[in-house]
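Below is one structure, written out as structure tokens, with a few remarks after it.
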Amino acid sequence: MAAAGTFEIKDLGPVRRLGFGAMRITGPGIWGEPADRDLARSVVRRAVDLGVDFIDTADSYGPAISEEIIAESLHPYPAGLRIATKAGLVRSGPNQWHPLGRPDYLRQQVELSLRRLRVDVIDLFQLHRIDPDVDRDDQFGVLRDLQDEGKVRALGLSQVSVDDIKAAQEVFTVATVQNRYNLTDRSSADVLAYAQTQGIGFIPWAPVSAGELARLGGPVDTIARRLSATPAQVALAWVLQTSPVMLPIPGTGSVEHLEDNLGAATLVLPDDAVAELDAA
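Numbering (the UniProt record's numbering), first residue to last: 1 to 280.
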């Protein structure tokens, strides 16, 4: 894992650049219990055994179940492990997500995450979505207050625009931004560019997704065969090499897939492969 390098998250410290996303250790539709809770715990433990020191989760994964499994698997936490969580989306069923950013709700969810994760301070707390029905400055303000009270160390945002980041920076130090970014979805390229100028960690969600590019005989498959790698490793290596602020967090409920994903830490794509993927 060390081969992927490290990134210094503001107000938190250094983490290895290839982490683990704990969304898929829950049930189908990111809802309810996983089919095998023991397996879910083993995936989390294996990630840390392989050198992961940055895990990303959210109160809405389950809901609550992902945070509970992380604590069951790893508490008391090993030195240097950083756990990020989020709030701001509520669930009404499988694959259903609804923004809720009332300050009293966000404060409540931080308290519940502290309890479920069995910690006194959350390492990185992220606003999962900006609620369009609540003044965004009120949402940013409660995050700042929670940090001032010592309940969270660092603060981040998820699925935001450059304008949103600039507005938040007027209220608190934005340590990370978590937007969708992968080979087939580069719509947040402007956010990534801004994050790089500001030294903000960019956490791309769905980083392995390659769509048609990963088809048999397609560019990802061809490059993977040439480099004796897997398509997932190629997709992740491309994300890692796109910017030094990238912090991909591939998620899975399978130990086999986990080990495959984390193998990207040692894969260096040659310039011609990067150019081919950039153009694809």
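No residue lacks a Cβ here, since even glycine has one placed at the ideal position from N, Cα and C.
Among residues of its own chain, excluding the 5 on either side of residue i, which ones have a beta-carbon nearer than 6 angstroms to its beta-carbon?
i      : result
Tyr194 : Val162
Gly27  : Glu33 and Pro34
Leu81  : Asp53
Val234 : Val220, Ile223 and Ala224
Please report the residue range of the alpha helix (DSSP H) in which residue i lies.
i      : result
Ala14  : Per the sequence presented here, residue 14 reads as Pro, with Ala not at that position. Taken as a continuous stretch (DSSP letters only), Pro14 belongs to no alpha helix (DSSP H), being part of the beta strand (DSSP E) at Gly13 to Arg16.
Glu67  : Ile65 to Leu74
Ala47  : Arg37 to Asp49
Thr26  : Taken as a continuous stretch (DSSP letters only), Thr26 belongs to no alpha helix (DSSP H), as it is neither H nor E.
Ile203 : Ile203 -> no alpha helix (DSSP H), and no H or E assigned at all.
Arg226 : Pro219 to Arg226
Gln241 : Pro231 to Thr242
Val255 : Val255 to Leu262
Which residue wins for smallest C-alpha separation from residue i, given the options the options?
i      : options                           : result
Glu170 : Arg144, Leu192, Leu183 and Ala232 : Arg144
Val208 : Pro250, Leu227, Leu146 and Gly80  : Pro250
Pro244 : Gln198, Gly80, Thr252 and Pro219  : Gln198
Arg115 : Lys151, Ser92, Pro103 and Val90   : Lys151
Phe20  : Asp278, Ala275, Ala265 and Arg215 : Ala265
Ile83  : Asn179, Asp59, Leu106 and Ala210  : Asp59
Asp135 : Glu111, Val119 and Ala167         : Ala167
Gly272 : Leu155, Leu227 and Leu39          : Note on residue identity: the sequence assigns Asp, not Gly, to residue 272. Out of Leu155, Leu227 and Leu39, Leu227 has the C-alpha closest to the C-alpha of Asp272.
Leu267 : Ala279, Ala224 and Asp123         : Ala224
Gln196 : Arg180, Ala175 and Asp137         : Ala175
Gln109 : Asn95, Gly93 and Gln126           : Gln126
Trp97  : Arg37, Gly29 and Leu277           : Gly29
Ser254 : Ala2, Val15, Asp38 and Pro132     : Asp38
Phe172 : Tyr181, Thr184, Gln159 and Gln139 : Gln139
Gly93  : Pro63, Leu12, Tyr181 and Ile130   : Pro63
Leu12  : Glu212, Val121, Asp36 and Glu72   : Val121
Pro78  : Pro99, Ala87, Ile55 and Lys86     : Ile55
Going by DSSP, what residue range makes up the beta strand (DSSP E) through residue i?
i      : result
Ala273 : Note, Ala273: premise wrong, no beta strand (DSSP E); alpha helix (DSSP H) at Asp271 to Ala279.
Phe172 : It is not in any beta strand (DSSP E) - Phe172 carries neither H nor E in the DSSP assignment.
Arg82  : Arg82 to Ala87
Asp56  : Phe54 to Asp56
Glu8   : Thr6 to Ile9
Give me, in chain order, the residues of the same chain whose beta-carbon lies closer than 7 angstroms to that of residue i; leave out the 5 immediate sequence neighbours on both sides.
i     : result
Arg17 : Ala4, Gly5, Thr6, Phe7, Leu240, Met246 and Leu247
His75 : Arg118
By Cβ distance, which residues of its chain are closer than 8 angstroms to residue i, with the 5 residues on each side in sequence left out?
i     : result
Ser66 : Ala22, Met23, Ile25, Thr26, Thr57 and Ala58
Leu50 : Met1, Leu258, Glu259 and Leu262
Using 8 angstroms as the threshold, is the segment 175 to 190 in touch with the segment 37 to 46, meaning 3 or more CB pairs across them? no
Secondary structure, alpha helix (DSSP H): runs of 4+ residues fully inside the segment 97 to 155: 103 to 117 and 136 to 148
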